[in-house]
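Numbering follows the UniProt record's numbering, in which position 63 of the sequence shown is assigned residue number 63; successive positions increment by one, without gaps. Take a look at the structure below.
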Amino acid sequence: MSKIKFYFILLIATVVTLNSCHKDDNNEDVTPPIPYADQYPKDIAAIEDYLNTHYISEVVNNPGQPNDQDVTISKIDNPVTQPSLMSYLNSSTLPRLTFRNVNAHDITYKIYTLVIREGKRNDAVNGGGEYPCNMDGVYAGYKGTLLDGTVFDSSNNGQSLFNLDGTTHDGGTGVIRGWSEGFPQFLTGWMSSNTDGTVRYNDFGVGVMFLPSGMGYYNNAQGSIPAYSPLVFSVKLFGVKRYDHDQDGIPSYQEDLNGDRYMNTFAAGVANPDDTDGDGVPNFNDFDDDGDNYATRGEIKDANGNYYAFDKIPDCSGNQIDPNRLKRHLDKNCIKMNQ
1 MSKIKFYFIL
11 LIATVVTLNS
21 CHKDDNNEDV
31 TPPIPYADQY
41 PKDIAAIEDY
51 LNTHYISEVV
61 NNPGQPNDQD
71 VTISKIDNPV
81 TQPSLMSYLN
91 SSTLPRLTFR
101 NVNAHDITYK
111 IYTLVIREGK
121 RNDAVNGGGE
131 YPCNMDGVYA
141 GYKGTLLDGT
151 VFDSSNNGQS
161 LFNLDGTTHD
171 GGTGVIRGWS
181 EGFPQFLTGW
191 MSSNTDGTVR
201 YNDFGVGVMF
211 LPSGMGYYNN
221 AQGSIPAYSP
231 LVFSVKLFGV
241 KRYDHDQDGI
251 PSYQEDLNGD
261 RYMNTFAAGV
271 ANPDDTDGDG
281 VPNFNDFDDD
291 GDNYATRGEI
301 KDANGNYYAF
311 DKIPDCSGNQ
321 IDPNRLKRHL
331 DKNCIKMNQ
């Protein structure tokens, strides 16, 4: 299995039934998927048992090499010297284990993420230090294992693009839902060039995601991954690729109004913090963010038809300085001139 690309093939079986009083003899029962609400308690119990019985046995420190920051997790045999993964829960220092509650499949998932190295903070010289949102693409390395330690896939290719929105645009690979929940917890690093022309990745985010099967492949067995398998991914975040899903001139990550790095379409009637006009379409996917019947892309241009930098989009009065201003593309009552 290579580079987390799992292709789902629908096999169409054509059955020719002959006249026979025993026509059902060869039919096989098809087992329906286990309800998510029944499977999830088993998954989270297994994951939390794993967190209580395993520890970080090695983090490779080999800067500039493909195995730099490779993480090995092993079963505890000496609790005195081998702190469990769970012992890092909400730690004030790194490593730090946290979890997010994610609503999907009519249940609430608990998604644990272990941050071993957060990544580079803003660096004016080298760059880096960006958090992806769940609609971005990421350049990443990873190792995927089952809870029993079986490794089913790995890659340290920093040029591999994975789209957290699950699509394959721009040549990227669509990924499972769990990745889109975990990667926004890490910062990117920065790149430098070696003398031989190869690329070196520095100060990138490193950690581990622990995913219930409903955030992975669920009932779809994939190679050495059995159906209903919780998954463990150690990951390295090398870089981020920004997308503009609605092509309105504002990158999707800048349409994350509450700044939590997660944007989703909510069920009808549920208030969405990233949906200005409340039409059920979050801003990152809405060509008219404020519902005034003017396209957003026309509202963020100056008098010469040039796009404003995002932080310079004015409010209705023309103010570009007040950090608390309501930018005009989000103000339904603002008269728009540049369309």
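Think of the CB as a built atom: it goes at the ideal place given N, C-alpha and C, for glycine as much as any other residue.
Going by DSSP, what residue range makes up the beta strand (DSSP E) through residue i?
i: SER180; result: It is not in any beta strand (DSSP E) - SER180 instead sits in the alpha helix (DSSP H) that spans 177 to 182.
i: ASP302; result: Where ASP302 is concerned, there is no enclosing beta strand (DSSP E), given that its DSSP letter is neither H nor E.
i: ALA271; result: Element bounds for ALA271: n/a, residue is neither H nor E.
i: PHE210; result: 205 to 211
i: TYR228; result: Taken as a continuous stretch (DSSP letters only), TYR228 belongs to no beta strand (DSSP E), as it is neither H nor E.
i: ASP153; result: 151 to 155
Taking C-beta to C-beta, are residue i and residue j nearer than 8 Å?
i: ILE111; j: ARG100; result: yes
i: GLY207; j: VAL115; result: yes
i: THR81; j: THR98; result: no
i: GLU130; j: VAL240; result: yes
i: ASP136; j: TYR294; result: no
What does a CB cutoff of less than 8 Å around residue i pick up in its chain, not counting 5 residues either side in sequence?
i: PRO314; result: TYR308, GLN320, ARG325, LYS327 and ARG328
i: PRO33; result: TYR218 and ASN219
i: TYR88; result: PRO95, ARG96, LEU97 and LEU114
Out of the options, point me to the one whose CA is closest to residue i's CA.
i: GLY171; options: ASN163, GLU130 and THR296; result: ASN163
i: LYS332; options: THR167, ASN220, ASP277 and HIS54; result: ASP277
i: GLY127; options: ASP203, PRO323, THR168 and PRO282; result: ASP203
i: PHE210; options: THR53, ASN61, ASN78 and GLU48; result: GLU48
i: LEU311; options: LEU330, ASN304 and PRO323; result: Residue identity check: residue 311 is Asp in the sequence provided, not Leu. The residue with the shortest Cα to Cα distance from ASP311 is PRO323.
Identify, in the order they occur along the chain, each residue of the same chain with its Cβ nearer than 6 Å to the Cβ of residue i, setting aside the five sequence neighbours on each side.
i: ASP43; result: PRO212, SER213 and PRO230
i: SER154; result: LYS143
i: GLU58; result: THR72
i: GLY64; result: ARG200
i: ARG297; result: ASP248 and GLY249
i: TYR50; result: LEU147
i: PRO251; result: ARG242 and ASP244
Could you check where the alpha helix (DSSP H) with residue i kicks off and where it finishes?
i: TYR50; result: 36 to 53
i: THR108; result: Careful: THR108 lies outside any alpha helix (DSSP H), inside the beta strand (DSSP E) at 107 to 117.
i: ARG297; result: 296 to 299
According to DSSP, simplified to helix, strand and coil, what is residue i?
i: residue 340; result: The chain is shown from 1 up to 339; residue 340 falls before or after that span and cannot be answered.
i: MET86; result: helix
i: LEU11; result: Model confidence at LEU11 stands at a pLDDT of 34, short of 50, so the residue's coordinates are unreliable; what they give is reported in the following sentence. Residue state, collapsed to three classes: coil.
i: residue 343; result: Nothing can be reported for residue 343, as the shown portion of the chain is limited to 1 through 339.
i: ASP170; result: helix
i: TYR253; result: helix
i: MET263; result: coil
i: GLY191; result: Reading off the sequence shown, one finds Met at residue 191, where the question assumed Gly. Of the three classes helix, strand and coil, the one that applies to MET191 here is strand, per DSSP.
Residues in the same chain with beta-carbon distance under 7 Å from residue i, minus the five sequence neighbours each way, listed in chain order, please.
i: ASN285; result: HIS245 and ASP246
i: PHE266; result: ASN272
Just checking: is the beta-carbon of residue i within a distance shorter than 8 Å of some beta-carbon in chain D?
i: GLY144; result: Reference to chain D is not applicable here, since this structure consists of a single protein chain.
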